[in-house]
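Going by this note's numbering, the sequence shown opens with residue -4, and the numbers climb by one from there.
Cβ coordinates follow ideal geometry from the N, Cα and C atoms, glycine included.
The structure under discussion appears below in the form of C-alpha cells.
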Amino acid sequence: MYYFTSHLRVVTALVIREMSTRFGKNPGGYLWALLEPIAYIAFMSLIFMAIAHKPALGTSFPLFFASGFVCFQFYAAMAGYLNSAVNANRPLLSYPNVAPIDTIAARFSLQFCTTCVVAICIIAPLIMQLKTTPTIRLSPILTAISLGSLIALGLALANNVLFQRFPLYDKIFGIVSRPLFLISGIFYLPDSLPPVARDAILINPIAHLVMLFRTGLYPEYRAIGFDLDYLLRVTTVLLFAGMAIFTISRGVLRAR
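Printed below as a string of C-alpha cells:
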C-alpha cells in the first residue's frame, strides 16, 4: 500500500509539473490547446465544403471531420506526447522515488484528460447546432477513445526504450507515422472505397478506431469492414509488447 501511495504522490507531482511546463502559468496555454484543433477543423471543413456538396455522413461537414480528427488525436497526440516522457524527465530519475513508469503515467493522465476536454468542447456544440439531434451512443465512443489511448501507450512504452537505444529508429518512426493522417479515414469513409483500397486501409487499426467512434455519433453508419476483434488483438499485442520492452529495459531508461 505504501508503494502505491508513494508512486501516486510522485505521479501527481509530475502531472502538476507537466501542466506548468506545457501550458504555462496563464490561461492562454490552456486556451490554445482548445483553439488549435478548432481552427484546424474549421479550415479543413471549409476546404471540403468547397469540394463536395455534402459530407459522407450526416449534414454537417465540421461534425463529420471533427468525429474523425478528435478520435485520431486520442492516438496521435497521446503517442507524440508519451514518446518523449522519460527523456524529458530524465533529471528527475536520479531521485530514488521517481521511476521511469511514473513519467509515462503522468503524461498519459494529463494528455487523456486534455483530449477528453477538447473533444467535448468541439463535438458538443457541433451536435447542438444540428436541426435534428442524433441519437448518441456512448459505448462505441468510449471504447474507441480507450483503445486508441492504449495503442498509443503500448507504442510509447516501447518507443521510450527504442528511441534511446537506436536514435535512427526515432527518425524512421516519424517518417512512417506521417501518412497515418491520410490513411485513417478521417475525411472519408474506408467502406466507400474500392475493395482493394478498402482492404489496404483497414490494415491500419486507427482506421477501425475512427469507424467505431463514428458509429456512436451516426446511428445510420453501418461501418462495413470494421473488425472489433482485430482492433482488440492489435491493442493487446502492442500494449503487452510495450510493457515487456519497458520492464526489461529499466536500467537503460535510468542511464544518462
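Task: Three-state secondary structure (DSSP) of N155 - done: As a position in the sequence shown, residue 155 is number 160, starting the count at 1. N155 carries a helical assignment under DSSP once its states are collapsed to helix, strand and coil.
Open item on the list: Are the CB atoms of M73 and S172 within a distance shorter than 7 angstroms?
Closed with: Position 177 of the sequence shown, counting from 1, holds the residue named residue 172. Position 78 of the sequence shown, counting from 1, holds the residue named residue 73. The answer is no: Cβ separation not under 7 angstroms.
Task: Anticipated Cβ contact below 8 angstroms, L9 with T98, distance rounded - done: As a first step, residue 9 must be located in the sequence shown, where it is residue number 14. As a first step, residue 98 must be located in the sequence shown, where it is residue number 103. With 8 angstroms as the limit, L9 and T98 qualify as a contact, their Cβ atoms being about 6 angstroms apart.
Open item on the list: Quick check on Q283: does DSSP put it in helix, strand or coil?
Closed with: This structure gives no information on residue 283, because the portion of the chain shown stretches from -4 to 251.
TODO: Indicate whether S187 and A202 have their beta-carbon atoms separated by less than 7 angstroms.
DONE: The residue labelled residue 187 in the question sits at position 192 within the sequence shown. The residue labelled residue 202 in the question sits at position 207 within the sequence shown. No, these two residues do not count as a Cβ contact at 7 angstroms.
Open item on the list: Looking at the ligand FAD, does it come within less than 6 angstroms of I122, judged from the CB to the closest heavy atom?
Closed with: Absence of the ligand FAD is noted for the structure shown, with no ligands found whatsoever.
Open item on the list: My output table needs one value for A34: the three-state DSSP class, helix, strand or coil.
Closed with: Start at 1 with the first residue of the sequence shown, and residue 34 comes out as number 39. In this structure, A34 counts as helix in the three-state DSSP scheme.
Task: Limits of the unbroken alpha helix (DSSP H) element including Y76 - done: Position 81 of the sequence shown, counted from the first residue, corresponds to residue 76. Y76: member of the alpha helix (DSSP H) spanning F56 to L77, first to last residue.
TODO: Under the assumption that L77 contacts A147 (Cβ atoms under 8 angstroms), give the Cβ distance between them as a whole number of angstroms.
DONE: The residue you call residue 77 lines up with position 82 of the sequence shown. The residue you call residue 147 lines up with position 152 of the sequence shown. Confirmed, Cβ separation roughly 6 angstroms.
Task: Close Cβ partners of F168 (< 7 angstroms) along its chain, the five nearest in sequence each way excluded - done: By one-based count along the sequence shown, residue 168 stands at place 173. Correct list, in chain order: N154.
Open item on the list: Taking the beta carbon of G237 as the centre, do at least 16 other beta carbons fall within 10 Å, making it buried, or is it exposed?
Closed with: The residue given as residue 237 occupies position 242 in the sequence shown. Answer is buried; the Cβ neighbour count reaches 16.
Open item on the list: Counting C-beta neighbours from all protein chains within 10 Å, is the total for P214 16 or more, i.e. buried, or is it exposed?
Closed with: If you number the sequence shown from 1, residue 214 lands on position 219. P214 is exposed by the Cβ-count criterion.
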